[in-house]
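J.:
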DNA sequence: GTCACCTTAGAAG
DNA sequence: CTTCTAAGGTGAC
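Residue numbers (our numbering): 36 to 209.
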């Protein structure tokens, strides 16, 4: 299955001490969450939602969960509950990587290599990096807890300072 | 088809 | 220590 059917997005803002995040929802759940300050990201992909009449009653409830989870995560606290996540437009490889990342506890880290090993594809180290970069739901899916080997910070698509800041809040020192 | 990417262990200089 | 290489998965061009 490729990307396709799942669109019909609804976007809701989440105001935090770090700025305004934008949460994108489909009828299946939270599909994307993006960092503040990137106005450019706002225009891509959900404009068609304005034409849709669909606005599942569940969305306000999901949004409440997302907001609570995001704020907790931003203070270095593990969210106790997450809204349903809609990963329908992604590959199974990516999903397995993200599922594995969700297991990383607050204050812990993994290397790309460790993650690759955990999903039974030890040679797909770089692919794991690619999956992290493709992660549509940063912070809640802790892609920032994935470091390169030997404690190196590695990279971060949305801005390396975010990665450092998030890690620092969880009490980590590089 | 080609290239660039949030990588890494190992071999060579 | 530094540099180079090979190997996965995916999306942009």
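Every residue, glycine too, gets a C-beta built ideally from N, C-alpha and C. On a predicted model such as this, the values are computed, not experimentally measured, just so you know.
Are three or more beta carbon pairs between the segment 160-171 and the segment 94-112 nearer than 8 Å?
T.: No, because fewer than three Cβ pairs between the segment 160-171 and the segment 94-112 fall closer than 8 Å, the two stretches do not touch.
J.: Mind checking who residue 146 pairs with in its DSSP beta bridge?
T.: According to DSSP, residue 146 bridges with 182.
J.: Three or more beta-carbon pairs under 8 Å between the segment 91-99 and the segment 143-161, yes or no?
T.: The answer is no - the segment 143-161 does not touch the segment 91-99, with fewer than three Cβ pairs under 8 Å.
J.: Looking at the unbroken alpha helix (DSSP H) that takes in residue 160, where does it start and where does it end?
T.: 160-169 is the span of the alpha helix (DSSP H), which, as asked, contains residue 160.
J.: Do you know whose CA, among 127, 108 and 117, lies nearest residue 141's CA?
T.: Of 127, 108 and 117, the residue nearest in Cα terms is 108.
J.: Roughly how many angstroms separate the alpha carbons of residue 188 and residue 119, rounded to a whole number?
T.: Using only the alpha carbons, I get a separation of about 30 Å.
J.: With a 10 Å radius around its C-beta and 16 neighbouring C-beta atoms as the bar for buried, classify residue 163 as buried or exposed.
T.: Per the 10 Å Cβ criterion, buried.
J.: Which residues in the same chain as residue 122 place their Cβ atom closer than 6 Å to its Cβ, once the five residues preceding and following it in sequence are excluded?
T.: 130.
J.: Considering residue 95, what are the terminal residues of the alpha helix (DSSP H) in which it resides?
T.: That run of the alpha helix (DSSP H) goes 93-109.
J.: With respect to the alpha helix (DSSP H) encompassing residue 135, which residues constitute its N-terminal and C-terminal limits?
T.: Run containing residue 135: 127-137, per the alpha helix (DSSP H) assignment.
J.: Answer yes or no: do residue 204 and residue 180 have a C-beta to C-beta separation smaller than 8 Å?
T.: No, the Cβ-Cβ distance between residue 204 and residue 180 is not below 8 Å.
J.: Go ahead and pull the three-state DSSP assignment for residue 140.
T.: It is coil, neither helix nor strand.
J.: Please go through the same chain and pick out, in chain order, the residues whose beta-carbon is closer than 6 Å to the beta-carbon of residue 98, but skip the five residues on each side of it.
T.: 47, listed in sequence order.
J.: Taking the alpha carbon of residue 71 as the point to measure from, which residue in 143, 58, 184 and 186 has its own alpha carbon closest?
T.: When only C-alpha atoms are compared, the closest one is 58.
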